[in-house]
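Numbering (the numbering used here), first residue to last: 59 to 364. Note that beta-carbon positions come from the ideal geometry of N, C-alpha and C, so glycine has one too.
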């Protein structure tokens, strides 16, 4: 891993979209770690929030950036050595369908093309999903083990209307194709279901959750671990390719009950499930665990924290 002194406050990075849970948390962590951050947001309300923060932090710069507007992406990337990219659902369309899938693919294409045209960009950290890995027909009806080398089957996703998996798969493949064609150094983080306090049963990741559970591939990740993974693959010069990112797996009744209580806090979920079996874990994050073995968050203490 590159020494901390290598990645110092002279380094400028871009976070897009900086308005989501991951993006917002990444901005905060990167600032504390000593980076100058370009926060690229589309939402007007988020623009105003970040502008107020930027008045107090000279290391924070705010950009209005629409992933479908190529030139606005270029503006946000100017002078940056890296981009942390994640796609956020539009506020007026909070679920996945064919339309959102097309939107996400176009956005991925625009972002990678803009990175290819930005001379200062050294690395792109592309946030994808484990749903771009786990969906496929099973040979002989039995699930096989998966890791980051696997891709979800696009036709399988279309057949069963697994819109989240379809969108993430096609968008990530689009990004990889363009990255290889334009010689952009890209790494992807294929994240499990993000666990947060107001997680809803309507979260698009959960479409097909029962099947993922039975196949032993229903994985979760908490925000701190997800942020650490992003920063680790950025700072470690040896990182490459795709990384499955999760630190929890739902594969037994107790795990399902805990998740159900989070999703439906007002319901009594203890007796909702009568499956006492433990489903074998069939998904591996070994590649990421190896990379992060010596990683330390190493948050720099600023004067405000003292």
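Segment contact: the segment 219-238 against the segment 171-189, three or more CB-CB distances shorter than 8 Å; contact assigned. If you look at residue 251, you'll find it in the beta strand (DSSP E) that goes 251-253. With fewer than 16 neighbouring CB atoms inside 10 Å of its own CB, residue 102 falls in the exposed class. Per DSSP, residue 81 lies in no beta strand (DSSP E) segment; the continuous alpha helix (DSSP H) that holds it begins and ends at 79-90.
Residue pairing by DSSP places residue 303 opposite 249 in a beta bridge. The C-beta of residue 157 has fewer than 16 other C-beta atoms within 10 Å across all chains shown, which makes the residue exposed.
Between residue 305 and residue 283, the beta carbon gap of about 5 Å places them in contact (Cβ cut-off 8 Å).
Under the DSSP assignment, residue 235 falls in the alpha helix (DSSP H) whose first and last residues are 221-240.
The beta-bridge partner set that DSSP reports for residue 181 consists of 140.
A straight-line Cα-Cα distance of about 26 Å links residue 248 and residue 121. Under the rule that a run must span 4 or more residues, the alpha helix (DSSP H) segments found entirely inside the segment 116-161 read 128-135. Around the beta carbon of residue 295, fewer than 16 other beta carbons lie within 10 angstroms, which makes this residue exposed. Inter-residue distance for residue 243 and residue 174 is about 9 Å (C-alpha atoms, whole angstroms).
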